[in-house]
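>
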Amino acid sequence: MVWVKRLGLLLAALVVLIVAAIVYVLVFVDPNQFKDELKTIAKEKANMTLRMDGDIDWSIYPRVGLSLENFGVALGNDPELMSFSKAEFGVQLMPLFQQKIEVDTVRLENLTANLKVDKNGHPNWQVETAGTSTADASSDTAADSSGDSSFTMPEIALDELALVNAHIIYEDERTGMRSDVVSNVTFKNVRLDESWPMEFDAKITQSNLDGSNPLTAEVDFGADFTLFAERQSVSLANLALNGSVSGATLPVSPLDMKLNVAQLDFDLPQENASIEGLAINTLGMNITGQVNAYQVLSAPEFNAVVDVEQFSPKAVLSKLKISLPEMADDSVLEKASLNIVAEGTAQRIKAQPISIMFDDTAIEANALVNLDPLNWDIAIAGKNLDVDRYLPPIKDPEQNAEEATAPADASTGTEQDLIPVELVRSLNGHIGVAFDNIKIKNLQLDKLELDSTQANGKVRVAPARVSLYDGQATVQALLDVTGKTPRINVSPSIDSVQILPLLNDFMALEKIRGATNLSGDLTTKGNRIDDLISNLNGDLLVNIADGALIGTNYTQMVCKGIALARTESLNDDSFQDDTPFETMRIPAKIVNGQVSTPGLTMQSLTLGVTGDGTISLPTNSLKYETYVALVGSGLDESCAVSESIANVKFPIVCEGNYFEDAASLCRPDVKGFVKAFAAEDIAKAKAKLEAEKARAQEKLDAEKARAQEKLDEKKQEAKQELEDKLKNKLNNFFN
Numbered sequence: 084m085v086w087v088k089r090l091g092l093l094l095a096a097l098v099v100l101i102v103a104a105i106v107y108v109l110v111f112v113d114p115n116q117f118k119d120e121l122k123t124i125a126k127e128k129a130n131m132t133l134r135m136d137g138d139i140d141w142s143i144y145p146r147v148g149l150s151l152e153n154f155g156v157a158l159g160n161d162p163e164l165m166s167f168s169k170a171e172f173g174v175q176l177m178p179l180f181q182q183k184i185e186v187d188t189v190r191l192e193n194l195t196a197n198l199k200v201d202k203n204g205h206p207n208w209q210v211e212t213a214g215t216s217t218a219d220a221s222s223d224t225a226a227d228s229s230g231d232s233s234f235t236m237p238e239i240a241l242d243e244l245a246l247v248n249a250h251i252i253y254e255d256e257r258t259g260m261r262s263d264v265v266s267n268v269t270f271k272n273v274r275l276d277e278s279w280p281m282e283f284d285a286k287i288t289q290s291n292l293d294g295s296n297p298l299t300a301e302v303d304f305g306a307d308f309t310l311f312a313e314r315q316s317v318s319l320a321n322l323a324l325n326g327s328v329s330g331a332t333l334p335v336s337p338l339d340m341k342l343n344v345a346q347l348d349f350d351l352p353q354e355n356a357s358i359e360g361l362a363i364n365t366l367g368m369n370i371t372g373q374v375n376a377y378q379v380l381s382a383p384e385f386n387a388v389v390d391v392e393q394f395s396p397k398a399v400l401s402k403l404k405i406s407l408p409e410m411a412d413d414s415v416l417e418k419a420s421l422n423i424v425a426e427g428t429a430q431r432i433k434a435q436p437i438s439i440m441f442d443d444t445a446i447e448a449n450a451l452v453n454l455d456p457l458n459w460d461i462a463i464a465g466k467n468l469d470v471d472r473y474l475p476p477i478k479d480p481e482q483n484a485e486e487a488t489a490p491a492d493a494s495t496g497t498e499q500d501l502i503p504v505e506l507v508r509s510l511n512g513h514i515g516v517a518f519d520n521i522k523i524k525n526l527q528l529d530k531l532e533l534d535s536t537q538a539n540g541k542v543r544v545a546p547a548r549v550s551l552y553d554g555q556a557t558v559q560a561l562l563d564v565t566g567k568t569p570r571i572n573v574s575p576s577i578d579s580v581q582i583l584p585l586l587n588d589f590m591a592l593e594k595i596r597g598a599t600n601l602s603g604d605l606t607t608k609g610n611r612i613d614d615l616i617s618n619l620n621g622d623l624l625v626n627i628a629d630g631a632l633i634g635t636n637y638t639q640m641v642c643k644g645i646a647l648a649r650t651e652s653l654n655d656d657s658f659q660d661d662t663p664f665e666t667m668r669i670p671a672k673i674v675n676g677q678v679s680t681p682g683l684t685m686q687s688l689t690l691g692v693t694g695d696g697t698i699s700l701p702t703n704s705l706k707y708e709t710y711v712a713l714v715g716s717g718l719d720e721s722c723a724v725s726e727s728i729a730n731v732k733f734p735i736v737c738e739g740n741y742f743e744d745a746a747s748l749c750r751p752d753v754k755g756f757v758k759a760f761a762a763e764d765i766a767k768a769k770a771k772l773e774a775e776k777a778r779a780q781e782k783l784d785a786e787k788a789r790a791q792e793k794l795d796e797k798k799q800e801a802k803q804e805l806e807d808k809l810k811n812k813l814n815n816f817f818n
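As numbered in this note's numbering, residues 84 to 818 make up the sequence shown, in order.
1. Tell me which residue opens and which closes the beta strand (DSSP E) that D613 is part of.
2. Taking the C-alpha atoms as reference points, what is the distance between M410 and I252?
3. Using 8 Å as the Cβ pair cut-off and three pairs as the minimum, do the segment 294-314 and the segment 329-337 touch?
4. According to DSSP, what are the bridge partners of S550?
5. Which one of D519, N511, K524 has the shortest CA to CA distance from K541?
6. By a C-beta neighbour count over all protein chains shown, 10 Å radius and 16 as the cutoff for buried, is R596 buried or exposed?
7. In the DSSP output, what is G372 paired with across the bridge?
8. Using a 10 Å radius around the Cβ and a threshold of 16 neighbouring Cβ atoms, would you call L619 buried or exposed?
9. Look up K271 in the DSSP assignment and say whether it is helix, strand or coil.
10. How many angstroms separate the CA atom of P670 from the CA atom of Q527?
11. Are the CB atoms of G682 and S699 within a distance shorter than 8 Å?
12. Over what stretch of residues does the beta strand (DSSP E) that includes A517 continue unbroken?
13. Given that a residue counts as buried once 16 or more other Cβ atoms are within 10 Å of its Cβ, and exposed if not, what is S535?
14. Terminal residues of the continuous alpha helix (DSSP H) containing A331?
15. Exposed or buried, E171, counting other C-beta atoms within 10 Å across all chains shown (16 or more means buried)?
16. Just to confirm, is the Cβ distance from S266 to A245 under 8 Å?
17. Spatial neighbours of D519 within its chain, please: C-beta separation below 6 Å, excluding the five flanking residues on both sides.
18. Is A419 buried or exposed, if buried means 16 or more other CB atoms sit within 10 Å of its CB?
19. Could you check where the alpha helix (DSSP H) with R508 kicks off and where it finishes?
20. Look up V564 in the DSSP assignment and say whether it is helix, strand or coil.
21. Answer yes or no: do D455 and N610 have a C-beta to C-beta separation smaller than 8 Å?
22. Helix or strand or just coil, what does DSSP make of M410?
23. When the cut-off is 8 Å and only beta carbons count, does I582 lie next to chain D?
24. How big is the Cα-Cα spacing for L586 and E593?
25. Tell me the residue span of the alpha helix (DSSP H) that contains S401.
26. Nearest-angstrom Cα distance between S166 and V344?
27. Per DSSP, which one or two residues make a beta bridge with Q346?
28. Here's a check: name, in chain order, each residue in its chain whose Cβ is nearer than 7 Å to the Cβ of P280, leaving out the five neighbours to either side.
29. Alpha carbon to alpha carbon, what distance is there between L551 and A598?
30. Following the continuous beta strand (DSSP E) through R314, name the residue where it begins and the one where it ends.
31. So, with DSSP's three-state summary, where would you put E781?
32. Using a Cβ-Cβ cutoff of less than 6 Å, which residues in the same chain neighbour L583 once the five nearest sequence positions on both sides are dropped?
33. What three-state label does DSSP hand P734 in the structure shown?
34. Counting along the chain, where does the beta strand (DSSP E) carrying R431 start and finish?
35. Taking only the alpha-carbon atoms, compute the straight-line gap between S576 and T680 and give it to the nearest angstrom.
36. Are the CB atoms of V302 and A320 within a distance shorter than 8 Å?
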């Protein structure tokens with residue numbers, strides 16, 4: 084803004100000098116004899132160097148006035164800053180008879196200006212006196228921005244001020260950019276503190292310094308311009324701008340735009356600016372708003388309100404020649420709107436609230452962004468988001484199979500990375516999300532709450548909470564891209580989630596139902612799906628209550644195995660399709676994508692199941708062996724078994740792709756059943772032998788007891804006989 088002010092002061096001073104020259108013309112017959120004096124005055128009063136190669140002449144038609152040709156202006160001793168091929172000044176006729184000049188029109192033709200900023204940031208329109216350093220000059224510039232007390236705006240009263248075919252070249256060696264402007268400007272009723280109807284058109288070309296990569300804008304502009312001299316402020320009212328931008332680097336060329344502003348004010352001493360009634364129309368979007376800015380030249384601050392009326396994002400992207408990927412729902416991205424209330428400084432921007440509507444989704448957000456260093460704190464709340472509508476359409480299994488077997492096309496290149504590592508490393512902030520009613524990959528999420536921090540190449544989610552399928556899931560996660568290979572740690576926890584509708588919605592898998600609880604810790608690494616799956620490691624503990632195995636009946640398989648082992652037939656139609664259970668406990672150990680479950684148990688009123696095996700996530704396959712014990716009797720009317728079979732563990736083998744039909748995956752192991760029966764027969768024989776041994780031992784013990792009893796009787800009789808004899812002898816002795 085400093086250079087704009089200086090150019091304005093320069094033009095004003097130039098007008099004053101030219102008016103002074105006209106006075107000399109009226110007083111003296113030959114005005115050209117005062118060229119040297121005019122140059123001296125310009126040098127002493129305004130530190131400007133004038134070049135006046137042409138004559139100063141009177142002009143009679145089309146108006147009475149003076150004309151100057153071929154003159155230039157330089158600041159101080161610097162190279163010439165601007166030049167004019169011709170300047171015409173119309174004067175009022177009657178004041179001439181009183182030897183007074185009252186200029187009513189000014190027309191400057193073919194202005195040429197070369198404005199440059201060198202590598203050190205020094206502009207060539209800034210006068211630097213001897214001994215003044217660049218830092219001092221910068222201080223002077225800052226001081227000038229608040230007003231120059233040595234300059235007084237001259238009284239201006241013109242019916243018309245026109246700048247015809249002005250050509251301004253601006254080059255900045257710091258940025259390597261060049262701007263080339265060709266314009267025409269006309270002001271009517273040019274008087275201080277009054278409105279000047281203004282018309283402006285320009286062709287602006289911006290490029291590199293060597294002219295490469297040009298970007299061209301054509302602008303047609305109209306407004307009511309007012310200059311308040313005493314308070315050094317500018318006002319533009321009823322501003323209307325039509326613009327068109329073209330260039331090879333633009334997605335659409337030309338890009339047309341219309342801009343209207345009801346009122347634009349700028350106060351130079353206070354450094355305040357305001358825009359009211361802002362309206363922009365481009366690419367089929369209508370944008371309205373207002374902006375207030377403070378201390379714009381020293382310590383900028385602003386507040387703004389911006390509204391984007393309902394528009395079609397799909398139509399906008401189409402105009403920008405941006406192709407959208409194929410989506411499941413062709414009707415998405417047809418309507419959207421946006422409202423932002425923001426405030427900030429050069430170091431920080433705060434947007435609160437941000438209201439977004441697109442399709443059926445509503446989002447409210449608050450954002451605080453610090454610019455140096457860049458970091459953010461963002462809170463997002465929303466509802467009704469169906470992500471599946473924006474994802475590629477689901478293909479039928481036959482089409483997927485054809486694509487899987489088709490030869491790879493070398494032109495498609497290698498698989499793309501999932502994680503933008505460099506972008507993640509640059510993240511630095513905090514994001515909180517609370518969303519109601521989300522659908523993603525056909526999963527219905529009643530509520531999603533997420534708290535995430537991003538810093539130093541690490542993205543931490545602590546935690547993410549999801550309410551779904553009558554339960555809740557919580558996840559603690561860490562993405563670490565500080566090393567060569569991205570690493571992910573996940574600690575999931577699931578509480579009472581109904582597993583059947585979840586698996587059915589997510590992957591059309593109906594294998595199990597029940598209220599599921601889960602806890603564990605998982606780690607993986609890589610940047611491709613296959614790598615993430617094959618590098619998956621960790622432990623999980625799953626407990627399922629009041630559930631069932633869908634599509635397979637373990638009782639039926641055991642009974643079928645019993646029948647096959649006995650070479651008997653079985654009526655399959657009388658069995659249920661599922662295997663209900665009270666509890667299932669699955670401790671899972673995952674090593675490089677291979678899941679083993681030692682210690683798996685399932686318990687019901689009729690069955691007891693244990694199992695172990697391996698589930699391969701990379702190949703979607705399993706190889707599993709379970710042992711089923713028929714607990715109790717009368718388990719199924721179609722499978723009458725004796726109590727001797729109860730608690731015998733019968734083997735069931737499951738093998739194949741776990742996306743296939745469950746009934747075809749699992750089958751009874753007939754050989755195992757025969758072995759189980761053989762083991763049962765041996766157990767029965769051993770039990771019979773033990774029983775016979777017990778009975779023989781019991782009989783022997785009884786005989787021994789009877790013999791001992793007889794022996795004891797004889798001993799008693801002999802003792803009694805001996806006692807009787809002893810008594811008789813004693814009686815005889817005393818008698």
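Idealized CB from N, CA, C, for every residue including glycine.
Remember, it's a predicted structure, so these values are computed and weren't measured experimentally.
Taking the definition as stated:
1. Segment 612-617 is the alpha helix (DSSP H) holding D613; no beta strand (DSSP E) there.
2. If you draw a straight line from the Cα of M410 to the Cα of I252, it comes to about 48 Å.
3. Touching, per the Cβ criterion.
4. In the DSSP output, where bridge partners are listed per residue, S550 has K530, Q555.
5. For K541, the closest C-alpha among the options D519, N511, K524 is that of N511.
6. When all chains shown are included, R596 counts as buried.
7. L361, V389, per the DSSP bridge assignment.
8. By the neighbour-count rule (16 or more Cβ atoms within 10 Å), L619 is buried.
9. Looking at K271 - three-state DSSP - the assignment turns out to be strand.
10. For the pair P670 and Q527, the Cα-to-Cα distance works out to about 27 Å.
11. No, they are not a contact pair.
12. Segment 512-523, the beta strand (DSSP E) holding A517.
13. Result: buried.
14. Run containing A331: none; DSSP gives neither H nor E here.
15. By the 10 Å Cβ count, E171 comes out buried.
16. Pairing S266 with A245 gives a Cβ-Cβ distance that is not under 8 Å.
17. Take D519, set aside five residues on each side of it, and the residues of its chain with a beta-carbon closer than 6 Å to its own are K466, K530, in chain order.
18. So A419 counts as buried.
19. Per DSSP, R508 belongs to the alpha helix (DSSP H) from 504-509.
20. Reduced to three states, the DSSP call for V564 is coil.
21. In this structure, N610 does not lie closer than 8 Å to D455 by Cβ.
22. Under the three-state reduction of DSSP output, M410 falls in the coil class, being neither helix nor strand.
23. Absent from the structure: chain D. Only one protein chain is present.
24. For L586 and E593, the distance between alpha carbons rounds to 7 Å.
25. Run containing S401: 396-402, per the alpha helix (DSSP H) assignment.
26. For S166 and V344, the distance between alpha carbons rounds to 33 Å.
27. A320, E359, per the DSSP bridge assignment.
28. Excluding positions up to five away in sequence, the list reads K271, N272, D307.
29. Looking at the two C-alpha atoms, the distance is approximately 12 Å.
30. Where R314 is concerned, there is no enclosing beta strand (DSSP E), given that its DSSP letter is neither H nor E.
31. DSSP, read as helix, strand or coil, puts E781 in helix.
32. Cβ within range, chain order: R596.
33. DSSP places P734 in strand when its eight states are reduced to three.
34. Going by DSSP, R431 is part of the beta strand (DSSP E) stretching over 431-441.
35. Approximately 18 Å between the Cα atoms of the pair.
36. Their beta carbons are not under 8 Å apart, which means A320 does not touch V302 by this criterion.
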